[in-house]
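Chemist:
Protein chains: 6
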Amino acid sequence: MSPTVVVTRRAHFNAAHRLFNPAWSDAENARVFGPCANPNAHGHNYNLDVSVAGGVDPGTGFVLDIKVLKDLIEEHVLRRLDHRNLNLDVPEFAATNPTAENIVVQCWRWLAPAIPAGKLVRIVLWETDRNLVEYTGG
Amino acid sequence: MSPTVVVTRRAHFNAAHRLFNPAWSDAENARVFGPCANPNAHGHNYNLDVSVAGGVDPGTGFVLDIKVLKDLIEEHVLRRLDHRNLNLDVPEFAATNPTAENIVVQCWRWLAPAIPAGKLVRIVLWETDRNLVEYTGG
Amino acid sequence: MSPTVVVTRRAHFNAAHRLFNPAWSDAENARVFGPCANPNAHGHNYNLDVSVAGGVDPGTGFVLDIKVLKDLIEEHVLRRLDHRNLNLDVPEFAATNPTAENIVVQCWRWLAPAIPAGKLVRIVLWETDRNLVEYTGG
Amino acid sequence: MSPTVVVTRRAHFNAAHRLFNPAWSDAENARVFGPCANPNAHGHNYNLDVSVAGGVDPGTGFVLDIKVLKDLIEEHVLRRLDHRNLNLDVPEFAATNPTAENIVVQCWRWLAPAIPAGKLVRIVLWETDRNLVEYTGG
Amino acid sequence: MSPTVVVTRRAHFNAAHRLFNPAWSDAENARVFGPCANPNAHGHNYNLDVSVAGGVDPGTGFVLDIKVLKDLIEEHVLRRLDHRNLNLDVPEFAATNPTAENIVVQCWRWLAPAIPAGKLVRIVLWETDRNLVEYTGG
Amino acid sequence: MSPTVVVTRRAHFNAAHRLFNPAWSDAENARVFGPCANPNAHGHNYNLDVSVAGGVDPGTGFVLDIKVLKDLIEEHVLRRLDHRNLNLDVPEFAATNPTAENIVVQCWRWLAPAIPAGKLVRIVLWETDRNLVEYTGG
Chain A
1 MSPTVVVTRR AHFNAAHRLF NPAWSDAENA RVFGPCANPN AHGHNYNLDV
51 SVAGGVDPGT GFVLDIKVLK DLIEEHVLRR LDHRNLNLDV PEFAATNPTA
101 ENIVVQCWRW LAPAIPAGKL VRIVLWETDR NLVEYTGG
Chain B
1 MSPTVVVTRR AHFNAAHRLF NPAWSDAENA RVFGPCANPN AHGHNYNLDV
51 SVAGGVDPGT GFVLDIKVLK DLIEEHVLRR LDHRNLNLDV PEFAATNPTA
101 ENIVVQCWRW LAPAIPAGKL VRIVLWETDR NLVEYTGG
Chain C
1 MSPTVVVTRR AHFNAAHRLF NPAWSDAENA RVFGPCANPN AHGHNYNLDV
51 SVAGGVDPGT GFVLDIKVLK DLIEEHVLRR LDHRNLNLDV PEFAATNPTA
101 ENIVVQCWRW LAPAIPAGKL VRIVLWETDR NLVEYTGG
Chain D
1 MSPTVVVTRR AHFNAAHRLF NPAWSDAENA RVFGPCANPN AHGHNYNLDV
51 SVAGGVDPGT GFVLDIKVLK DLIEEHVLRR LDHRNLNLDV PEFAATNPTA
101 ENIVVQCWRW LAPAIPAGKL VRIVLWETDR NLVEYTGG
Chain E
1 MSPTVVVTRR AHFNAAHRLF NPAWSDAENA RVFGPCANPN AHGHNYNLDV
51 SVAGGVDPGT GFVLDIKVLK DLIEEHVLRR LDHRNLNLDV PEFAATNPTA
101 ENIVVQCWRW LAPAIPAGKL VRIVLWETDR NLVEYTGG
Chain F
1 MSPTVVVTRR AHFNAAHRLF NPAWSDAENA RVFGPCANPN AHGHNYNLDV
51 SVAGGVDPGT GFVLDIKVLK DLIEEHVLRR LDHRNLNLDV PEFAATNPTA
101 ENIVVQCWRW LAPAIPAGKL VRIVLWETDR NLVEYTGG
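Rendered as structure tokens:
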């Protein structure tokens, strides 16, 4: 049986967002989210590490061609999020606060059904060099 | 005479912006700036490297205390730009396109008069890990 | 049920230490620890990655506010270790060798009881860019 | 009982390789592997993160001396791969395509029997800053 | 008069090479270049930082559109060097040793005539994270 | 005439230090240097970038062999500073405050006379990822 390896591709996107719960008053949003609730938005260079686990194909030596994984991330995630305002331009965050936690879970929902070989096992989203979140589907 | 050393402090800020020339039509802005002209903005984690040159003080061994430089960057730059929408929240970019080039020159104008020892000699602004600009006051 | 996400905050501290077992002779310490046993100490810029897992709060979109996590790391770890000599200034390392392994376990003991939401699941301590240790509480 | 900690050492090597399945025609190799099948090879700066888990020795405070781990990686991996053409200079890749997946599994086979304390638990191989693979022995 | 700003774009390429002077004996090449003279080549992930200085255009706020600079680097450098064996696949290095020094000078010769606005002022080539060269046209 | 290229080698060392002017009272040292004056020292992972400029040798394609530069940095700098307490173990800092400014100037004095080909043109010393100093001999 071929060994199981995890393959990870790192992608980048630039986006604006505002931490904001539309069910709350402006004062409540400002109290909870501080400067992150600035109505005109701020932004980030996000890094996204997408990991797929599977057996190594004896013919190619690949779990899946990392170029295929790169293209899937572009099609299913970057096309929706790159150079966007997450609150205003992305329907999934119209009513859901675009925190790193909610973004990483949404990326999983977009990507998991699209992986053609192996299985999506982990997504890490870096909001800054010091703040990151990780989701494994649970 | 004491040697002349350049001291650099790196700071970070997160901001949204839109590349946009208000004197142009929307179509012209879209043609020139592409996805960077998205009306709802996108954003970045900016890094800012501020460099001051001067003689080394024989008493302290400092050109200037880097903690002082850190505080000056917070007061003169980060307080204005961090967690802001550059086009909408920063008066200096109300009519000036907030490209990396224009931001770095504006940071110089804010910081140069405030340096208490030595002389501001270089500011580098990183918009992403691959795109950066550098200004030396000329 | 809300998804479970791991949130990580990276912190930094600068400290001096000496690898040294007080129960051994100087010669034995020198033999085992080499230049790391230098009596006058050497030092490092440590990075500390603290990870908390939990359900995403539907109101905030957070597992826990990462600013809260940042403040807890400052209160429980950085206040004790930053700009210190680990052997001489930190009671927990008076009789315990401040190896990366022992430091990361001690950080866990300080932080685990303090996490207000979710659960501490992993701490990674980087002693240099090439040497790191990881503890998950076992 | 002493806590269990994972210790990781990062190593580097520079190598040339060509993605190529000798059982296939040149056209098939070009179709599957694209520019990576260039007959004259291309190359990478590889990073290799080797992780060993074990109890912390009460005398040394180490799982294993990271200098020992460094030396084992040099002896068992770098001596074979650094400054080499993986296809032409490394017998294990004469008939096996030197994809990142196959390299990381081979590094495990070389290293696992050599670890003197604790147990090899993870190897991560970075082919570029954006492409990496991880193997845990399964 | 508009301020003069330096704009830098970082690009990447992966290549194999061998340090080798065809005018010397194999023994002389091995003595001077050590493992870098391995006949079957080794390789690197190269980073290339290309810097252009010029006045900031009042309409666009750009020295030159960094996307244009990115495309020029792809056309004039990456198309020639990426996924290649520098000695065997690149005519300019058929008789010239592909050291970092010679590569960076060659990149300058390819790029300098192509810059449409501003002036090429610096190219930095990173062969590894610790070895780099810089050329300013002199 | 051969082009002039700048070659840079990055080296690392780990050291403890205390910012302290022995001519001042303890209170004055604490007031000026804050936690950096901690009598038991703290420490850093320093990075040192040493740059040599010169003509490219037509035979080797080198300004100078970067392995030679690496060895010179080890002999003239790392042997003195790595795994040391700068104040207590290094005679040059017995009476001179080991600030980053004073360290970088001292490294220049050690290295400049030793460079066998080309000319030392710049040394950059990183005390942390955010604090660095640069000396060009003036």
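Protein chains in written order, with our numbering: chain A, 1 to 138; chain B, 1 to 138; chain C, 1 to 138; chain D, 1 to 138; chain E, 1 to 138; chain F, 1 to 138.
Beta carbons are placed, not taken as given, at the ideal position from N, Cα and C, and that holds for glycine.
Bear in mind the structure is a predicted one, so any value in this text is a computation, not a measurement.
Which runs of the alpha helix (DSSP H) spanning at least 4 residues fall entirely within the stretch 6 to 49 of chain A, listed in chain order?
Modeler: For the stretch 6 to 49 of chain A, whole alpha helix (DSSP H) runs of length 4 or above, ordered along the chain, are 26 to 33.
Chemist: Under three-state DSSP, which class holds F:I123?
Modeler: Locating residue 123 of chain F in the sixth sequence gives position 123, where the first residue counts as 1. F:I123: strand per DSSP, three-state reduction.
Chemist: Do the stretch 10 to 23 of chain D and the stretch 94 to 102 of chain D make contact, defined as three or more Cβ pairs closer than 8 Å?
Modeler: These segments touch.
Chemist: With a cut-off of 8 Å, do at least 3 Cβ pairs link the stretch 31 to 51 of chain A to the stretch 5 to 18 of chain A?
Modeler: Counting Cβ pairs under 8 Å, three or more are found: they touch.
Chemist: Along the chain, where does the beta strand (DSSP E) containing F:N131 start, and where does it finish?
Modeler: For the purposes of this step, residue 131 of chain F is taken as the residue at position 131 of the sixth sequence. Where F:N131 is concerned, the enclosing beta strand (DSSP E) stretches over N131 to Y135.
Chemist: Label A:E74 either buried or exposed according to how many other C-beta atoms from any shown protein chain fall within 10 Å of its C-beta, with 16 as the threshold for buried.
Modeler: Mapped onto the first sequence, residue 74 of chain A falls at position 74. Exposed: under 16 other Cβ atoms inside 10 Å.
Chemist: Does any CB atom of chain F fall closer than 9 Å to the CB of E:A15?
Modeler: Position 15 of the fifth sequence, counted from the first residue, corresponds to residue 15 of chain E. By this cut-off, E:A15 is not an interface position.
Chemist: List the whole-angstrom C-beta distance separating A:V124 from A:E134, where the pair is believed to meet the contact cut-off of C-beta under 8 Å.
Modeler: Taking the first sequence and counting its residues from 1, the one referred to as residue 124 of chain A is at position 124. Taking the first sequence and counting its residues from 1, the one referred to as residue 134 of chain A is at position 134. Correct: roughly 5 Å between the Cβ atoms.
Chemist: Could you spell out where the alpha helix (DSSP H) holding D:L69 opens and where it closes?
Modeler: Within the fourth sequence, the letter at position 69 stands for residue 69 of chain D. Taken as a continuous stretch (DSSP letters only), the alpha helix (DSSP H) holding D:L69 covers I66 to I73.
Chemist: If we define contact as Cβ-Cβ less than 9 Å, is D:C107 a contact residue for chain E?
Modeler: As a working note, residue 107 of chain D is residue 107 in the fourth sequence. So no, D:C107 is outside the interface.
Chemist: Would you mind stating whether D:H140 and E:N14 have Cβ atoms separated by less than 9 Å?
Modeler: Outside the modelled stretch of chain D, which goes from 1 to 138, sits residue 140 of chain D, for which no answer is possible.
Chemist: So F:L88 is in the alpha helix (DSSP H); what residue range does that whole segment cover?
Modeler: Mapped onto the sixth sequence, residue 88 of chain F falls at position 88. Start and end: L86 to D89.
Chemist: If we ignore side chains and look at the alpha-carbon of each, how far apart do C:A37 and F:D89 end up?
Modeler: Position 37 of the third sequence, counted from the first residue, corresponds to residue 37 of chain C. Position 89 of the sixth sequence, counted from the first residue, corresponds to residue 89 of chain F. C:A37 and F:D89: Cα-Cα distance of roughly 13 Å.
Chemist: Take E:F62 as the anchor and find which of E:F33, E:L132, E:T4 and E:L111 has the nearest alpha-carbon.
Modeler: Looking up residue 62 of chain E in the fifth sequence gives position 62. Of E:F33, E:L132, E:T4 and E:L111, the residue nearest in Cα terms is E:T4.
Chemist: Let me know if B:D26 comes out buried or exposed under the rule of 16 or more other beta-carbons within 10 Å of its beta-carbon.
Modeler: To locate residue 26 of chain B, count along the second sequence from 1; it is residue 26. The residue in question, B:D26, is exposed, as its Cβ has fewer than 16 Cβ neighbours within 10 Å.
Chemist: Cα separation between F:W126 and C:R109?
Modeler: The residue you call residue 126 of chain F lines up with position 126 of the sixth sequence. The residue you call residue 109 of chain C lines up with position 109 of the third sequence. Their backbone Cα atoms lie some 32 Å apart in a straight line.
Chemist: Report the neighbours of F:N38 on chain C: residues whose CB is nearer than 9 Å to its CB, in chain order.
Modeler: Your numbering for residue 38 of chain F matches position 38 in the sixth sequence. The answer, in chain order, is A16, H83, R84, N85 and D89.
Chemist: Along chain A, in chain order, which residues have C-beta atoms closer than 9 Å to that of C:G59?
Modeler: Taking the third sequence and counting its residues from 1, one reaches residue 59 of chain C at position 59. The answer, in chain order, is N21, A23, W24, V32 and N97.
Chemist: What do you reckon, are the CB atoms on D:L64 and D:V52 nearer than 9 Å?
Modeler: Taking the fourth sequence and counting its residues from 1, one reaches residue 64 of chain D at position 64. Taking the fourth sequence and counting its residues from 1, one reaches residue 52 of chain D at position 52. In this structure, D:V52 lies closer than 9 Å to D:L64 by Cβ.
Chemist: Run through the DSSP bridge pairs and tell me what C:A53 is partnered with.
Modeler: The count along the third sequence starts at 1 and reaches residue 53 of chain C at position 53. According to DSSP, C:A53 bridges with C:V6 and C:K119.
Chemist: From the beta carbon of D:E134, is the nearest beta carbon of chain A less than 9 Å away?
Modeler: Mapped onto the fourth sequence, residue 134 of chain D falls at position 134. Closer than 9 Å to some Cβ of chain A, the Cβ of D:E134 qualifies, so yes.
Chemist: Which residue comes first and which comes last in the alpha helix (DSSP H) that contains E:L78?
Modeler: Taking the first residue of the fifth sequence as 1, we reach residue 78 of chain E at position 78. No alpha helix (DSSP H) holds E:L78; DSSP gives it neither H nor E.
Chemist: At a CB-CB cut-off below 8 Å, which residues of chain B make contact with A:H76?
Modeler: As a working mapping, residue 76 of chain A is identified with position 76 in the first sequence. Neighbours of A:H76 on chain B: none; closest Cβ ~17 Å, over 8 Å.
Chemist: Checking contacts by CB at 9 Å: is B:R10 closer than that to chain E?
Modeler: Numbered from its first residue, the second sequence carries residue 10 of chain B at position 10. No, because no Cβ of chain E sits closer than 9 Å to the Cβ of B:R10.
Chemist: Would you say C:G43 faces chain D, with C-beta separation under 9 Å as the test?
Modeler: Here residue 43 of chain C corresponds to residue number 43 of the third sequence, with the count starting at 1. Not an interface residue.
Chemist: Taking all protein chains shown into account, do 16 or more other C-beta atoms lie within 10 angstroms of the C-beta of E:A101, making it buried, or fewer, making it exposed?
Modeler: As a first step, residue 101 of chain E must be located in the fifth sequence, where it is residue number 101. First, the residue type needs correcting, since residue 101 of chain E is Glu and not Ala in the sequence shown. Label assigned to E:E101: buried.
Chemist: What residue from A:K67, A:A16, A:D71 and A:V56 has the CA that sits closest to D:Q106's CA?
Modeler: Numbered from its first residue, the fourth sequence carries residue 106 of chain D at position 106. Of the listed residues, the one whose Cα sits closest to D:Q106 is A:V56.
Chemist: When you compare the CB positions of C:H44 and C:T128, do they come within less than 9 Å of one another, or not?
Modeler: The residue labelled residue 44 of chain C in the question sits at position 44 within the third sequence. The residue labelled residue 128 of chain C in the question sits at position 128 within the third sequence. Yes, they are a contact pair.
Chemist: Hey, E:R84 and D:N131: beta-carbon distance below 9 Å or not?
Modeler: For this step, residue 84 of chain E is matched to residue 84 along the fifth sequence. For this step, residue 131 of chain D is matched to residue 131 along the fourth sequence. Contact: no.
Chemist: Thinking C-beta only, is C:I103 closer than 9 Å to C:L81?
Modeler: Locating residue 81 of chain C in the third sequence gives position 81, where the first residue counts as 1. Locating residue 103 of chain C in the third sequence gives position 103, where the first residue counts as 1. In this structure, C:I103 lies closer than 9 Å to C:L81 by Cβ.
Chemist: Which whole-angstrom value is the C-beta distance of C:G138 and C:G54, which I expect to be below 8 Å?
Modeler: Numbered from its first residue, the third sequence carries residue 138 of chain C at position 138. Numbered from its first residue, the third sequence carries residue 54 of chain C at position 54. About 19 Å separates the two Cβ atoms, so there is no contact after all.
Chemist: Only counting the same chain, and skipping five residues up and downstream in sequence, which positions put a Cβ closer than 6 Å to that of D:L72?
Modeler: Locating residue 72 of chain D in the fourth sequence gives position 72, counting from the first residue. So the list reads A114, once near-sequence residues are dropped.
Chemist: Pick out whichever of A:T60, A:K70 and A:P35 has its Cα sitting closest to the Cα of D:R31.
Modeler: Here residue 31 of chain D refers to the residue found at position 31 of the fourth sequence. Measuring from the Cα of D:R31, the nearest candidate turns out to be A:T60.
Chemist: Compare the C-beta of E:E92 with all C-beta atoms of chain F and state if any pair is closer than 9 Å.
Modeler: The count along the fifth sequence starts at 1 and reaches residue 92 of chain E at position 92. Closer than 9 Å: no.
Chemist: Do we get a CB-CB distance below 9 Å when we pair B:V47 with the residues of chain E?
Modeler: Walking along the second sequence from the start, residue 47 of chain B turns up at place 47. It is Asn, not Val, that sits at residue 47 of chain B in the sequence shown. No, B:N47 lies away from the interface with chain E (no Cβ there is under 9 Å from its Cβ).
Chemist: Spatial neighbours of F:F141 within its chain, please: C-beta separation below 6 Å, excluding the five flanking residues on both sides.
Modeler: Since the first residue of chain F shown is 1 and the last is 138, residue 141 of chain F is not available in this structure.
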